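Student: If you use the numbering used here, the sequence shown corresponds to residues 269 to 648, in order. Note that beta-carbon positions come from the ideal geometry of N, C-alpha and C, so glycine has one too. These numbers come from a predicted model, not from an experiment. Got a structure for you, questions after.
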Amino acid sequence: MKTKIPFFDLAVQFKSIEEEVKSALDEVFRTQQFIMGSKVQVLEETIAGYCGTRFAIGVASGSDALLLSLMALGIGHGDEVLLPPFTFFATAGSVSRLGATPVFVDIDPETYNIDPSRIEEKISSKTKAIIPVHLFGQCADMNPLLKIAKERKIFVIEDAAQALGAEYQPVSEKSGQRAGQMGEFGCFSFYPTKNLGAFGDAGMVVTDSTDLSEKVRLLRAHGSQPKYFHKWIGINSRLDTVQAAILLVKFKYLEKWTGERQRKAERYRLLFQELVSSVDGIRLPTVQYQNRHIFHQYVIRVRERDRLREFLAEEGIGTDIYYPLPLHLQECYTSLRYRRGDLPNSEKASEEVLALPIYPELTEDQQSAVVDRINAFYRK
Ligand SMILES: Cc1ncc(COP(=O)(O)O)c(C=O)c1O
269 MKTKIPFFDL AVQFKSIEEE VKSALDEVFR TQQFIMGSKV QVLEETIAGY CGTRFAIGVA
329 SGSDALLLSL MALGIGHGDE VLLPPFTFFA TAGSVSRLGA TPVFVDIDPE TYNIDPSRIE
389 EKISSKTKAI IPVHLFGQCA DMNPLLKIAK ERKIFVIEDA AQALGAEYQP VSEKSGQRAG
449 QMGEFGCFSF YPTKNLGAFG DAGMVVTDST DLSEKVRLLR AHGSQPKYFH KWIGINSRLD
509 TVQAAILLVK FKYLEKWTGE RQRKAERYRL LFQELVSSVD GIRLPTVQYQ NRHIFHQYVI
569 RVRERDRLRE FLAEEGIGTD IYYPLPLHLQ ECYTSLRYRR GDLPNSEKAS EEVLALPIYP
629 ELTEDQQSAV VDRINAFYRK
């Protein structure tokens, strides 16, 4: 009988922390304080400390983290925001929801992150912000991007939804610049499958600016200050106490889990070495010089992606495709008039990427089986 290797397995993780989670939930149930509350505040302080920022504001999702950051910067109708098309829809959707226009910048084919050398040609008098996405757990190439943003007076909002704890080019051996601390805002998602995942939707905005943190804090609760008096038009995007309590339990294990992911990525690299040197057209993830990649996803690149995926599915191995259609070619953006061929690196990546199982609980045997089956596909 074939062993089933799921693409992710949250049940195994839950088993290891079940008692702690239940007792944290019991505490919330006893207080009956479900909206905001002290757990949310503790989580905000914890995440700010972890990201090296002065402030963190808990919100309802990673998508809302992006939306609220854009709102706090006053971005709206007539404005343009630069971002890569090879990302989850929320990166662009948040811009469009405010009536601003996403302007897509192609990616670097090695890292899948925004290519800084393509940014200047897309800047216009309407450009207000850039949203680099730290895709799969690796920071975008921020130094050239930040330099352009500073010179052209453009805001930077980091979409760090997949990159909690990632670092960009450590300045010392100990620590680098953490994802989320380099732009005006950093936006995180605690979607259940993220490296730090809630039991539902949750997100966080981090920033070093007192004014901007205050603004997001108000905007997430309908812009009211004091209660029932509205300074701005905000939204309801509060973080549930229940989610904060669970996230605080899981946070204690985040570094350990990240280490496991990194070890598994290194093991994939070693196990795939022979295949990569003998078969043309297979590429493993590239870690940019000195980056701390947290391997939210382990994404390989193969020409015969769809056939390989089908073969692995038949063998009981779960995989996924992030992302099958770049955002500039999505139906909802037809009016922006992009054509196939406009952003070739993103389009080609969409045809070739394949995410393999990588999670702290993936066993050595399971991982070896994934590699073995991929080898078998190429030996057929
Ligand atoms: C790159 C990226 N941006 C934004 C989001 C949105 O986060 P959420 O699903 O928490 O709204 C996600 C998560 O799915 C993501 O991967």
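Which residues in the same chain as Leu539 place their Cβ atom closer than 6 angstroms to its Cβ, once the five residues preceding and following it in sequence are excluded?
Tutor: Against the sequence shown, residue 539 aligns to sequence position 271. Only Val639 meet the Cβ criterion.
Student: Can you list the residues near ligand 1, meaning Cβ strictly closer than 6 angstroms to any non-hydrogen atom, in the order they appear in the chain?
Tutor: Counting every residue whose Cβ lies closer than 6 angstroms to a heavy atom of ligand 1, we get Ser329, Gly330, Ser331, Thr355, Phe356, Ala358, Thr359, Val401, Asp427, Ala429, Gln430, Ser457, Tyr459, Asp469 and Gly471.
Student: Using DSSP with H/G/I as helix, E/B as strand and the rest coil, what is Lys396?
Tutor: Walking along the sequence shown from the start, residue 396 turns up at place 128. If DSSP states are grouped into helix, strand and coil, Lys396 belongs with the strands.
Student: Assess, as a yes-or-no matter, whether the segment 401-419 is touched by the segment 369-380 under the definition of 3 or more beta carbon pairs within less than 8 angstroms.
Tutor: In short, these stretches touch, since the Cβ pair count reaches three.
Student: Any contact of the segment 490-502 with the segment 444-461, i.e. 3+ C-beta pairs under 8 angstroms?
Tutor: Touching, no, given that fewer than three Cβ pairs across the two stretches are closer than 8 angstroms.
Student: Per the contact definition of three or more C-beta pairs closer than 8 angstroms, is the segment 611-627 in contact with the segment 589-603?
Tutor: Output reads yes: the segment 611-627 touches the segment 589-603.
Student: Compute the distance between the beta-carbons of Ala623 and Tyr536, then report whether it is under 8 angstroms.
Tutor: Taking the first residue of the sequence shown as position 1, residue 623 is located at position 355. Taking the first residue of the sequence shown as position 1, residue 536 is located at position 268. Contact flag unset, no.
Student: Between which two residues does the beta strand (DSSP E) containing Phe423 stretch?
Tutor: Counting from one through the sequence shown, the residue named residue 423 turns up at place 155. Its beta strand (DSSP E) spans residues Phe423 to Asp427.
Student: Classify Phe276: buried if its beta carbon has 16 or more other beta carbons within 10 angstroms, exposed otherwise.
Tutor: To locate residue 276, count along the sequence shown from 1; it is residue 8. Classification of Phe276: buried, given that the 10 Å Cβ count is 16 or more.
Student: According to DSSP, is Asp588 part of a helix, a strand, or is it coil?
Tutor: Position 320 of the sequence shown holds residue 588. Note: Asp588 maps to strand in three-state DSSP.
Student: Whose C-beta lies closer than 6 angstroms to the C-beta of Asp427 among residues of the same chain, with five residues either side of it excluded?
Tutor: Here residue 427 is taken as the residue at index 159 of the sequence shown, counted from 1. Cβ within range, chain order: Thr359, Ile399, Val401 and Cys455.
Student: Here's a check: name, in chain order, each residue in its chain whose Cβ is nearer than 7 angstroms to the Cβ of Lys394, leaving out the five neighbours to either side.
Tutor: On the sequence shown, position 126 is the one that residue 394 refers to. Hits under 7 angstroms: Gly346, Asp347 and Glu348.
Student: How many Å lie between Val327 and Tyr436 at the Cα?
Tutor: Walking along the sequence shown from the start, residue 327 turns up at place 59. Walking along the sequence shown from the start, residue 436 turns up at place 168. Their Cα atoms are separated by approximately 25 angstroms.
Student: Kindly indicate which three-state DSSP category Asn411 falls into: helix, strand or coil?
Tutor: Taking the sequence shown and counting its residues from 1, one reaches residue 411 at position 143. Residue state, collapsed to three classes: helix.
Student: With respect to the alpha helix (DSSP H) encompassing Arg575, which residues constitute its N-terminal and C-terminal limits?
Tutor: Counting from 1 along the sequence shown, the entry for residue 575 is found at position 307. Start and end: Arg573 to Glu582.
Student: Could you tell me the distance, in whole angstroms, from the CA atom of Gly344 to the CA atom of Ile325?
Tutor: Locating residue 344 in the sequence shown gives position 76, counting from the first residue. Locating residue 325 in the sequence shown gives position 57, counting from the first residue. Taking the straight line joining both Cα atoms gives about 22 angstroms.
Student: Look up Ser306 in the DSSP assignment and say whether it is helix, strand or coil.
Tutor: Against the sequence shown, residue 306 aligns to sequence position 38. DSSP places Ser306 in helix when its eight states are reduced to three.
Student: Taking all protein chains shown into account, do 16 or more other C-beta atoms lie within 10 angstroms of the C-beta of Gln541, making it buried, or fewer, making it exposed?
Tutor: The residue given as residue 541 occupies position 273 in the sequence shown. Looking at its Cβ environment, which holds fewer than 16 other Cβ atoms inside 10 Å, Gln541 is exposed.
Student: Does Val510 come out as helix, strand or coil in the three-state DSSP assignment?
Tutor: Counting from 1 along the sequence shown, the entry for residue 510 is found at position 242. In this structure, Val510 counts as helix in the three-state DSSP scheme.
Student: Could you say which of Val517, Gly448, Pro370 and Ile585 lies nearest to Gly330 if we only look at CA atoms?
Tutor: Reading the sequence shown from its first residue, position 62 is the one you call residue 330. Checked all of Val517, Gly448, Pro370 and Ile585; the closest Cα to Gly330 is Gly448.
Student: If you check the beta carbons only, do Leu338 and Val363 fall under 8 angstroms apart?
Tutor: Working through the sequence shown from its first residue, we reach residue 338 at position 70. Working through the sequence shown from its first residue, we reach residue 363 at position 95. In contact: Leu338 and Val363 (Cβ atoms closer than 8 angstroms).
Student: Is it the case that the Cβ atoms of Leu522 and Gly433 are separated by a distance below 8 angstroms?
Tutor: Translated into positions along the sequence shown, residue 522 becomes position 254. Translated into positions along the sequence shown, residue 433 becomes position 165. Yes, the Cβ-Cβ distance between Leu522 and Gly433 is below 8 angstroms.
Student: Can you pull the DSSP bridge partners for Ile402?
Tutor: Here residue 402 refers to the residue found at position 134 when the sequence shown is read from its first residue. Correcting the residue type first, residue 402 is His in the shown sequence and not Ile. His402 pairs with nothing; no bridge assigned.
Student: Within 10 Å of its beta-carbon, does Gln430 have 16 or more other beta-carbons around it, so buried, or fewer, so exposed?
Tutor: Stepping through the sequence shown from its first residue, residue 430 is reached at position 162. It counts as buried.
Student: Got a sec, what are the start and stop residues for the alpha helix (DSSP H) Val296 sits in?
Tutor: Start at 1 with the first residue of the sequence shown, and residue 296 comes out as number 28. Looking at the DSSP string, the run of the alpha helix (DSSP H) that includes Val296 is Leu278 to Thr299.
Student: For Gly330, does the three-state DSSP call read helix, strand or coil?
Tutor: The residue labelled residue 330 in the question sits at position 62 within the sequence shown. Helix at Gly330.
Student: Between Arg322 and the rest of its own chain, which residues show a CB-CB distance below 6 angstroms, the 5 nearest in sequence each way excluded?
Tutor: Working through the sequence shown from its first residue, we reach residue 322 at position 54. Taken in chain order, the residues that qualify are Asp476.
Student: Would you identify the three-state DSSP class for Ile382, choosing helix, strand or coil?
Tutor: Numbered from its first residue, the sequence shown carries residue 382 at position 114. Looking at Ile382 - three-state DSSP - the assignment turns out to be strand.
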